[in-house]
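**Q**
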Amino acid sequence: MLGVIFGIHIFATEWGLPSQSLLQALGIYSGIGLLVIIQLPNRMPHSSFGIANRITLIRAIIVSLLAGMVGHSSVITESGLWLILFFAAVTLTLDGIDGWVARRLHIQSMFGACFDMEVDAAFILVLAVLTWELEKVGGWVLLAGAMRYLFMVAGLPMHALRQPLPPSRRRQIVCVTQTMALLFALCPSVGPVTASTLTGMALFLLIISFGRDVSLLLATTPSAGDHS
4 MLGVIFGIHI
14 FATEWGLPSQ
24 SLLQALGIYS
34 GIGLLVIIQL
44 PNRMPHSSFG
54 IANRITLIRA
64 IIVSLLAGMV
74 GHSSVITESG
84 LWLILFFAAV
94 TLTLDGIDGW
104 VARRLHIQSM
114 FGACFDMEVD
124 AAFILVLAVL
134 TWELEKVGGW
144 VLLAGAMRYL
154 FMVAGLPMHA
164 LRQPLPPSRR
174 RQIVCVTQTM
184 ALLFALCPSV
194 GPVTASTLTG
204 MALFLLIISF
214 GRDVSLLLAT
224 TPSAGDHS
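This is the structure:
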């Protein structure tokens, strides 16, 4: 928490951001923290939080800092945008490291996978909003950031969509592709046409990927009538 406050204070001082940016960053971080509190007792098989989850937590802190920029893109200079891209690139790099560490040390857990997925979802959402705010891409790009949350809402009345999904290399590749497309679109040297083309293609792949997951869950989860 102190890291988030210190980080957003530096950004706010440098760019003259309002106090609302701090609240936004703390809100995202608190939401991720709430997820940790809810999920930890049920899905954490190890006695400690673990180094892999700590790496994911660092990613969560950076995503929270980036969330503080949302709504204030007008004050972000070109050099500031490159700084944002640097932190975003670090976050993307750490996304590959935390999973590798977990596998290497044999400390994989359902909690770690869930934690990683929710940080990924928040990361894509923040990048999508920033890309739209900077007028690189139309409002349709927000669908990329909303896909995970639309999936969760759809799962409220549908038991099948609340079931865990098996690990998928396809899902990982599509997630990284979408993230990289958004990062590329945010580059100051990339124009709206190129940004829209790349993010549009990545979004298409993301929609197809979610569609396959939905089809898999509906096909493999028994309906209520099957238990009678």
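Each step along the sequence shown adds one to the number in our numbering, with nothing skipped, and position 107 is 110. Quick reminder that beta carbons are idealized off the backbone N, C-alpha and C, glycines included. None of the values given here were measured: they were computed from a predicted structure.
Using the Cβ count rule (16 or more neighbours within 10 Å means buried), how would you classify Met72?
**A** Taking the sequence shown and counting its residues from 1, the one referred to as residue 72 is at position 69. Classification of Met72: buried, given that the 10 Å Cβ count is 16 or more.
**Q** Quick one: what does DSSP say Ser76 is sitting in, helix, strand or coil?
**A** By 1-based counting over the sequence shown, the position of residue 76 is 73. The answer is helix: DSSP assigns Ser76 an H, G or I state.
**Q** Under 9 Å, do Pro167 and Met113 count as touching if we go by C-beta distance?
**A** Position 164 of the sequence shown holds residue 167. Position 110 of the sequence shown holds residue 113. Contact flag set, yes.
**Q** Touching or not, the region 177–194 and the region 151–162, by the rule of three or more beta carbon pairs under 8 Å?
**A** Touching, no.
**Q** Would you report the Cα separation of Thr96 and Ile58, rounded to the nearest angstrom?
**A** One-based indexing of the sequence shown puts residue 96 at position 93. One-based indexing of the sequence shown puts residue 58 at position 55. Answer to the nearest angstrom: the Cα atoms are 11 Å apart.
**Q** If I'm right that Gly148 touches Ile127 with Cβ under 8 Å, what's the distance once you round it to whole angstroms?
**A** Residue numbering aside, residue 148 sits at position 145 when the sequence shown is read from its first letter. Residue numbering aside, residue 127 sits at position 124 when the sequence shown is read from its first letter. Yes, Gly148 and Ile127 are in contact; Cβ-Cβ is about 5 Å, under 8 Å.
**Q** Assign Leu133 to buried or exposed, taking buried as 16 or more other Cβ atoms, counted over all protein chains shown, within 10 Å of its Cβ.
**A** Mapped onto the sequence shown, residue 133 falls at position 130. Buried is the call here.
**Q** Where does Pro167 fall in DSSP's three states?
**A** Taking the sequence shown and counting its residues from 1, one reaches residue 167 at position 164. It is coil, neither helix nor strand.
**Q** Take the Cβ of Leu108 as the centre, count every other Cβ of all protein chains shown within 10 Å, and call the residue buried at 16 or more, exposed below.
**A** The count along the sequence shown starts at 1 and reaches residue 108 at position 105. Classification for Leu108: exposed.
**Q** With three or more C-beta pairs closer than 8 Å as the rule, is the region 134–143 touching the region 90–105?
**A** These segments do not touch.
**Q** Can you grab the Cα-Cα spacing for the pair Leu88 / Ala184, in whole Å?
**A** Translated into positions along the sequence shown, residue 88 becomes position 85. Translated into positions along the sequence shown, residue 184 becomes position 181. Between Leu88 and Ala184, the C-alpha separation is close to 12 Å.
**Q** Just verifying my parser: in three-state terms, what is the DSSP assignment at Thr224?
**A** In the sequence shown, residue 224 corresponds to position 221, counting from 1. In this structure, Thr224 counts as coil in the three-state DSSP scheme.
**Q** Nearest by alpha-carbon distance to Ile54: which of Ile110, Ser24, Leu84 and Ala91 is it?
**A** In the sequence shown, residue 54 corresponds to position 51, counting from 1. The option with the nearest alpha carbon to Ile54 is Ile110.
**Q** What are the start and end residues of the alpha helix (DSSP H) that includes Gln181?
**A** Within the sequence shown, numbered from 1, the residue matching residue 181 stands at position 178. Arg172 to Leu189 is the extent of the alpha helix (DSSP H) around Gln181.
**Q** Please list the terminal residues of the continuous alpha helix (DSSP H) segment that includes Phe114.
**A** Residue mapping note: residue 114 aligns to position 111 of the sequence shown, counting from 1. Start and end: Met113 to Glu136.
**Q** I need the straight-line Cα distance from Thr182 to Thr223, nearest angstrom please.
**A** Along the sequence shown, read from residue 1 onward, the residue named residue 182 stands at position 179. Along the sequence shown, read from residue 1 onward, the residue named residue 223 stands at position 220. Their Cα atoms are separated by approximately 29 Å.
**Q** Excluding the 5 residues preceding and the 5 following His230 in the sequence, name in chain order all residues of the same chain whose CB lies nearer than 7 Å to its CB.
**A** Working through the sequence shown from its first residue, we reach residue 230 at position 227. Here His230 scores only 45 on pLDDT, less than 50, and its place in the model is too uncertain to base an answer on.
**Q** Go to Leu86, then tell me how far its alpha helix (DSSP H) extends in each direction, as first and last residue.
**A** Taking the sequence shown and counting its residues from 1, one reaches residue 86 at position 83. Here the alpha helix (DSSP H) through Leu86 covers Glu81 to Arg107.
**Q** Can Val129 and Ala70 be called in contact, C-beta distance under 9 Å?
**A** As a first step, residue 129 must be located in the sequence shown, where it is residue number 126. As a first step, residue 70 must be located in the sequence shown, where it is residue number 67. Yes; because the gap between Cβ atoms is below 9 Å, this pair is in contact.
**Q** Specify, as a first and last residue, the run of the alpha helix (DSSP H) that Met150 falls within.
**A** Taking the sequence shown and counting its residues from 1, the one referred to as residue 150 is at position 147. Per DSSP, Met150 belongs to the alpha helix (DSSP H) from Leu145 to Gly158.
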